[in-house]
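Enquirer: A single structure is presented below for examination.
In this note's numbering, the protein residues as written are 642 to 984.
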């Protein structure tokens, strides 16, 4: 009825893509069998990248004074700043809570709590289906967050290329600040078009770091909940088929009937043992749910509050948009055709 190994068709490693994304994002701890050279370059590379990301938060704080007189810019900046601070908290959870999260994953995949398929009860298929769903969600989250970060920087890069026709901003009515998708203090000289384009890569890498952190944390949270849901669904089926599996264990026919279980001591003993095992599994899953809530509850609350402020800032900015929108169409001959649309 119960197994100590993977012999009931359960898929291995429910969290495969979560672990793969952790490696891609530099949030993976190499094992002892990994070469020292690889560890050195892996950690050095991602330490530099994440140092750039953390420094970006300080640059956002430094520009706050400049936006105080412009309420729309201030609200937008605070919204982005809170998003990046949430990312910093999530980095802390993934780093300092790594062992706890790994323990939860191991508990949810404990082979001691695998159940043999019988009749319409197919726990292996349930687990495989949830694993596929989790893989799709994990990849989608990672792809969407990465695309959002890259598209913002590419937009800035293309705008500077297409709209700035001189190499020096001096003498024009625009600066590199006017093209920043995420407002922050620019600590390098960007008086020229080429310098502004080069600086966009720093901002792109910094924002991409936060996108990867948030994607990894959100993917891990979703995966733990999906796996927990799959285990609870399987456990419910195990409770419903407890007698059928006991009949099979004892070699009894499916239509075996008796008035009281005590008439067959072996059946009564097997049912009691099976029921105790299921109860222990239920207690274990409830404890996992409590641990997941403990690890992610604070950051989820903070992210919700930040999202509310971001939505409020978007609504405020939208309410102050002019009644007229100016659209510029760039032709192959770089001739601008101005079209004014009235709402």
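A virtual CB, placed ideally from N, CA and C, is assigned to each residue, including glycine.
May I have the straight-line CA-CA distance separating residue 669 from residue 892, to the nearest angstrom?
Expert: Sequence index remark: in the chain shown, residue 669 carries index 28 (1-based). Sequence index remark: in the chain shown, residue 892 carries index 251 (1-based). Their Cα atoms are separated by approximately 48 Å.
Enquirer: Check the DSSP bridge columns for residue 870 and list the partner residues they point to.
Expert: Taking the chain shown and counting its residues from 1, the one referred to as residue 870 is at position 229. Answer is none; residue 870 lacks a bridge partner.
Enquirer: DSSP has residue 985 in a bridge; who is on the other side?
Expert: Because the chain in this structure spans residues 642 to 984, residue 985 falls outside the shown range and cannot be described.
Enquirer: What residues are listed by DSSP as bridge partners for residue 809?
Expert: In the chain shown, counting from the first residue as 1, residue 809 sits at position 168. Residue 809 pairs with 833.
Enquirer: Helix, strand or coil for residue 828, going by three-state DSSP, please let me know.
Expert: Taking the first residue of the chain shown as 1, we reach residue 828 at position 187. Coil at residue 828, not helix or strand.
Enquirer: Among 890, 841 and 944, which one has its Cα closest to the Cα of residue 725?
Expert: Against the chain shown, residue 725 aligns to sequence position 84. Of all alpha-carbon atoms in 890, 841 and 944, the one lying nearest the alpha-carbon of residue 725 is that of 944.
Enquirer: Nearest by alpha-carbon distance to residue 662: which of 859, 915 and 709 is it?
Expert: The residue you call residue 662 lines up with position 21 of the chain shown. The residue with the shortest Cα to Cα distance from residue 662 is 859.
Enquirer: CA-CA distance, residue 831 and residue 700?
Expert: Here residue 831 refers to the residue found at position 190 of the chain shown. Here residue 700 refers to the residue found at position 59 of the chain shown. Looking at the two C-alpha atoms, the distance is approximately 15 Å.
Enquirer: Give the secondary structure of residue 655 by DSSP, where H, G and I count as helix, E and B as strand, and everything else as coil.
Expert: Along the chain shown, read from residue 1 onward, the residue named residue 655 stands at position 14. If DSSP states are grouped into helix, strand and coil, residue 655 belongs with coil.
Enquirer: Tell me which residue opens and which closes the alpha helix (DSSP H) that residue 784 is part of.
Expert: Translated into the one-based positions of the chain shown, residue 784 becomes position 143. Residues 764-804.
Enquirer: Give the single residue among 959, 844 and 939 whose Cα lies nearest to the Cα of residue 697.
Expert: Working through the chain shown from its first residue, we reach residue 697 at position 56. Taking the Cα of residue 697 as reference, the smallest distance to any Cα among 959, 844 and 939 is reached at 844.
Enquirer: Grouping DSSP H, G and I as helix and E and B as strand, with all else coil, what is residue 964?
Expert: For the purposes of this step, residue 964 is taken as residue 323 along the chain shown, with counting starting at 1. Confidence at residue 964 is low in this model, with a pLDDT of 46, below 50, so the placement of that residue should be treated as unreliable; the coordinate-derived value is given next. In the structure shown, residue 964 sits in coil (DSSP, three-state: anything other than H, G, I, E or B).
Enquirer: Measuring straight from C-alpha to C-alpha, what distance separates residue 707 and residue 740?
Expert: Your numbering for residue 707 matches position 66 in the chain shown. Your numbering for residue 740 matches position 99 in the chain shown. Straight-line Cα distance between these residues: approximately 42 Å.
Enquirer: Along the alpha helix (DSSP H) that carries residue 747, what are the first and last residues, could you check?
Expert: Walking along the chain shown from the start, residue 747 turns up at place 106. Residues 739-749.
Enquirer: One question on the structure: do residue 869 and residue 930 come within less than 8 Å of each other, judged by their Cβ atoms?
Expert: Looking up residue 869 in the chain shown gives position 228. Looking up residue 930 in the chain shown gives position 289. It is a contact, given that the beta carbons lie within the stated cut-off.
Enquirer: Going by beta-carbon coordinates alone, are residue 854 and residue 942 separated by less than 8 Å?
Expert: As a working note, residue 854 is residue 213 in the chain shown. As a working note, residue 942 is residue 301 in the chain shown. No. Outside cutoff.
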